[in-house]
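Engineer:
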Amino acid sequence: MQRTTHRPRLLTRPGVVALAAAVALTAGACAKSEDDASKDTQSPAAAGAEQKVVTPKPGSKTCAIDAYGAEKLDLKNATVGFSQSEKEANPFRIAETQSIKDEAKKRGVKLLTANAQSQFSKQISDVQDLLAKGADLLVIAPLNSDGWDPVLQAAAAKKVPIVTIDRKINATACKDYVSFIASDFVEQGRRAADQMIEATGGKGEVAILLGSAGNNVTTERTKGFKERIAEKAPELKVVFEQTGDFAREKGQQVTEQLIQSKPGIKGIYAENDEMGLGAVAALKGAGKKAGDVKIVTVDGTRNAVQGIVDGWISGVIESNPRFGPLAFQTLDTFTKGEEVPQDVIIQDSAYDAGNAKTEIAKAY
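Here the sequence shown stands for residues 151 to 514, where the numbers follow this note's numbering.
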């Protein structure tokens, strides 16, 4: 994440520091069509499940509408376009989309939605279509970090502000997009490494089930994990790395290969819960017992937290998908002419054997 200088006096404004509160969809919900928020049922988040923002560091960069080149407007009278990147089979994406829909409905804002079904070319055309349909503002959950020039140029031509969530677009903040709202993925990797070190005693061979290529989440979660392992547990060796594309079936397939090629593997770091749950299925299929191979994942889905309770997963670092309130508050503050952070960083919690059973209600 970029952290450079700006006027710190603005960081005390409520619109800059305290962007929070949420309505979430639990992991037990089913994928729905991306049409009408009014058709969706709402499920209130458990206490403490809302996204919380890390207070920006003094000197963090902000963005104002004049510098961006857009025009002020009333969010209540605006049309917001939301582009979801992935198929809604993943609880993270289900909860993310539902949070956007819930917040739009709560605020009475017209929302246009599209789902790229994990196809980057479709996501580009989806966003172009949202612009053609009259979107005044865009919230994008990018599939990839690169390749967004056609969209950025089209949005700039219409002076449409963009907020990106969860994954970063490789472009210039406060020029190509307004704000990026997400977790600190490097820190997530470090915290996952801490859990792995504790679970394994800091010795042995471990594997990484990598997320999808071409986005900052995979790169940064890997970077944080490896850095912390090298720093704190040099006797813990990463001996296997292969992408599982953030998908459960692929995570299972890769783990099946892993068991064959590295039968003495002691731990698996899965860069999201779905791959971790796939790893659990592979280990069960191979006749392993709970705890034989230590698994640490990132996300915080209910199934993964239940995996801790059942003994198959050692720890889960949360990556909170309930972006609706923060995304709309950022747009509201920005379109009123006030400054907003270019990077809105979320403070994530974590689950382990000590709290999984009591805090599973917070999972999604």
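Glycine residues also receive a C-beta, built at the ideal position from the N, C-alpha and C atoms.
Just the Cα atoms here: how many angstroms apart are I415 and E406?
Structural biologist: Locating residue 415 in the sequence shown gives position 265, counting from the first residue. Locating residue 406 in the sequence shown gives position 256, counting from the first residue. Distance between the alpha carbons of I415 and E406: 12 Å.
Engineer: Which same chain residues end up closer than 7 Å to D498 when comparing Cβ atoms and leaving out the 5 residues on each side of it in sequence?
Structural biologist: In the sequence shown, counting from the first residue as 1, residue 498 sits at position 348. Answer for D498: S333, Q338, I467, E468, S469 and N470, listed in chain order.
Engineer: Closest to A440 by CA distance: which of T205, E391, A349 and S210 is it?
Structural biologist: What you label residue 440 is simply residue 290 of the sequence shown in a count that begins at 1. Ranking T205, E391, A349 and S210 by Cα distance to A440 puts A349 first.
Engineer: Excluding sequence positions up to five away, which residues of its chain have a Cβ less than 7 Å from the Cβ of Q456?
Structural biologist: Position 306 of the sequence shown, counted from the first residue, corresponds to residue 456. The residues are I510.
Engineer: Just reading off the alpha helix (DSSP H) that K373 is part of, what are its end residues?
Structural biologist: Locating residue 373 in the sequence shown gives position 223, counting from the first residue. Its alpha helix (DSSP H) spans residues N366 to K382.
Engineer: Compare the beta carbon distance of V494 and T483 with 7 Å and say whether it is the shorter of the two.
Structural biologist: As a working note, residue 494 is residue 344 in the sequence shown. As a working note, residue 483 is residue 333 in the sequence shown. No, the pair does not count as a contact, with Cβ atoms beyond the cut-off.
Engineer: Closest to Q524 by C-alpha separation, out of D276, E246 and D423, would be which residue?
Structural biologist: No statement about residue 524 is possible, as the shown extent of the chain runs from 151 to 514 and does not include it.
Engineer: Determine the closest residue to I358 out of G352, N365, V230 and A343, with distance taken between C-alpha atoms.
Structural biologist: Mapped onto the sequence shown, residue 358 falls at position 208. If we check each option's Cα against that of I358, A343 comes out closest.
Engineer: Using the Cα positions of S258 and I458, report the straight-line distance between them to the nearest angstrom.
Structural biologist: Walking along the sequence shown from the start, residue 258 turns up at place 108. Walking along the sequence shown from the start, residue 458 turns up at place 308. Inspection of the sequence shows that residue 258 is occupied by Gly rather than by Ser. Going by the C-alpha atoms only, they are around 39 Å apart.
Engineer: Is A383 closer than 7 Å to G417 when the C-beta atoms are compared?
Structural biologist: Residue numbering aside, residue 417 sits at position 267 when the sequence shown is read from its first letter. Residue numbering aside, residue 383 sits at position 233 when the sequence shown is read from its first letter. Not closer than 7 Å, so no.
Engineer: Quick one, which of A239, G437, Y419 and Q492 has its alpha-carbon nearest I445's?
Structural biologist: Stepping through the sequence shown from its first residue, residue 445 is reached at position 295. With distances taken between Cα atoms, I445 lies closest to Y419.
Engineer: Tell me the DSSP secondary structure of I496 in three-state form.
Structural biologist: Indexing the sequence shown from 1 puts residue 496 at position 346. Residue state, collapsed to three classes: strand.
Engineer: Hey, could you find the ends of the alpha helix (DSSP H) V301 is sitting in?
Structural biologist: Looking up residue 301 in the sequence shown gives position 151. Looking at the DSSP string, the run of the alpha helix (DSSP H) that includes V301 is D299 to A307.
Engineer: Is it true that the CB of S235 sits closer than 7 Å to the CB of L281?
Structural biologist: Mapped onto the sequence shown, residue 281 falls at position 131. Mapped onto the sequence shown, residue 235 falls at position 85. Against a cut-off of 7 Å, the Cβ pair of S235 and L281 comes out as no contact.
Engineer: If contacts are defined as beta-carbon pairs under 8 Å, then V328 and P311 qualify, I think. What distance do you get, rounded to the angstrom?
Structural biologist: To locate residue 328, count along the sequence shown from 1; it is residue 178. To locate residue 311, count along the sequence shown from 1; it is residue 161. With a Cβ gap of about 5 Å, V328 and P311 count as contacting.
Engineer: What first and last residue would you give for the beta strand (DSSP E) that runs through T451?
Structural biologist: One-based indexing of the sequence shown puts residue 451 at position 301. Element bounds for T451: n/a, residue is neither H nor E.
Engineer: Report, in whole angstroms, the separation of the C-beta atoms of K412 and V389, which I expect to be a contact under 8 Å.
Structural biologist: As a position in the sequence shown, residue 412 is number 262, starting the count at 1. As a position in the sequence shown, residue 389 is number 239, starting the count at 1. That belief holds up - the Cβ atoms of K412 and V389 are roughly 6 Å apart, short of 8 Å.
Engineer: Tell me the rounded alpha-carbon separation between Q269 and K376.
Structural biologist: On the sequence shown, position 119 is the one that residue 269 refers to. On the sequence shown, position 226 is the one that residue 376 refers to. One C-alpha to the other measures close to 29 Å.
Engineer: Along the chain, where does the alpha helix (DSSP H) that runs through V277 open and close?
Structural biologist: Here the question's residue 277 lines up with position 127 in the sequence shown. Here the alpha helix (DSSP H) through V277 covers F270 to A282.
Engineer: Since E391 contacts L360 with CB under 8 Å, what's their CB separation in whole angstroms?
Structural biologist: The sequence position of residue 391 within the sequence shown is 241, counting from 1. The sequence position of residue 360 within the sequence shown is 210, counting from 1. Contact holds; Cβ gap of about 6 Å.
Engineer: Under DSSP, the alpha helix (DSSP H) around A245 begins and ends at which residues?
Structural biologist: As a working note, residue 245 is residue 95 in the sequence shown. Taken as a continuous stretch (DSSP letters only), the alpha helix (DSSP H) holding A245 covers P241 to R257.
Engineer: Could you check if T314 is buried or exposed, using at least 16 other CB atoms within 10 Å of its CB as the buried criterion?
Structural biologist: Here residue 314 refers to the residue found at position 164 of the sequence shown. Buried, since its Cβ has 16 or more Cβ neighbours within 10 Å.
Engineer: What did DSSP end up calling L223 once you bin it into helix, strand or coil?
Structural biologist: For the purposes of this step, residue 223 is identified with residue 73 of the sequence shown, where counting begins at 1. It is coil, neither helix nor strand.
Engineer: What does the alpha-carbon distance come out to for the pair L261 and L302?
Structural biologist: Numbered from its first residue, the sequence shown carries residue 261 at position 111. Numbered from its first residue, the sequence shown carries residue 302 at position 152. Looking at the two C-alpha atoms, the distance is approximately 20 Å.
Engineer: Just mark N227 as buried or exposed, buried being the case when its beta carbon has 16 or more other beta carbons within 10 Å.
Structural biologist: Residue 227 sits at position 77 when you count from the first residue of the sequence shown. N227 should be labelled exposed.
Engineer: With 7 Å as the threshold, decide whether the Cβ of S464 is near any Cβ in chain C.
Structural biologist: In the displayed structure, chain C is absent; only one protein chain is listed.
Engineer: Going by the beta-carbon positions, is the gap between K531 and Q492 smaller than 7 Å?
Structural biologist: An answer regarding residue 531 cannot be provided, because it is not within the stretch 151 to 514 covered by the chain.
Engineer: State the start and end residues of the unbroken beta strand (DSSP E) segment that holds T393.
Structural biologist: Working through the sequence shown from its first residue, we reach residue 393 at position 243. That run of the beta strand (DSSP E) goes L386 to T393.
Engineer: Quick check on the DSSP output: the alpha helix (DSSP H) that includes Q201 runs from which residue to which?
Structural biologist: Residue 201 sits at position 51 when you count from the first residue of the sequence shown. Taken as a continuous stretch (DSSP letters only), Q201 belongs to no alpha helix (DSSP H), as it is neither H nor E.
Engineer: Check P471 in the structure and name its three-state DSSP category.
Structural biologist: Position 321 of the sequence shown, counting from 1, holds the residue named residue 471. P471 falls in the coil class under three-state DSSP.
Engineer: Going by other Cβ atoms of all chains shown within 10 Å of its Cβ, with 16 needed for buried, is T92 buried or exposed?
Structural biologist: A question about residue 92 goes unanswered here, because the residues of the chain that appear run from 151 up to 514.
Engineer: Going by alpha carbons, who is nearest to E238 out of L223, D252, A214 and N265?
Structural biologist: Here residue 238 refers to the residue found at position 88 of the sequence shown. Selected option, being the one with the closest Cα: N265.
Engineer: Classify S210 as helix, strand or coil using the three-state DSSP reduction.
Structural biologist: Taking the sequence shown and counting its residues from 1, one reaches residue 210 at position 60. Looking at S210 - three-state DSSP - the assignment turns out to be coil, as it is neither helix nor strand.
Engineer: For D423, which of helix, strand or coil comes out of DSSP?
Structural biologist: For the purposes of this step, residue 423 is identified with residue 273 of the sequence shown, where counting begins at 1. In this structure, D423 counts as helix in the three-state DSSP scheme.
Engineer: How would you label V205, buried or exposed, when you count the other beta carbons within 10 angstroms and need 16 or more for buried?
Structural biologist: By 1-based counting over the sequence shown, the position of residue 205 is 55. For clarity, residue 205 is Thr in the given sequence; the question names Val instead. Burial call: exposed.
Engineer: Just the C-alpha distance for E355 and L386, rounded to the nearest angstrom, thanks.
Structural biologist: For the purposes of this step, residue 355 is taken as residue 205 along the sequence shown, with counting starting at 1. For the purposes of this step, residue 386 is taken as residue 236 along the sequence shown, with counting starting at 1. Each residue's alpha carbon lies about 6 Å from the other.
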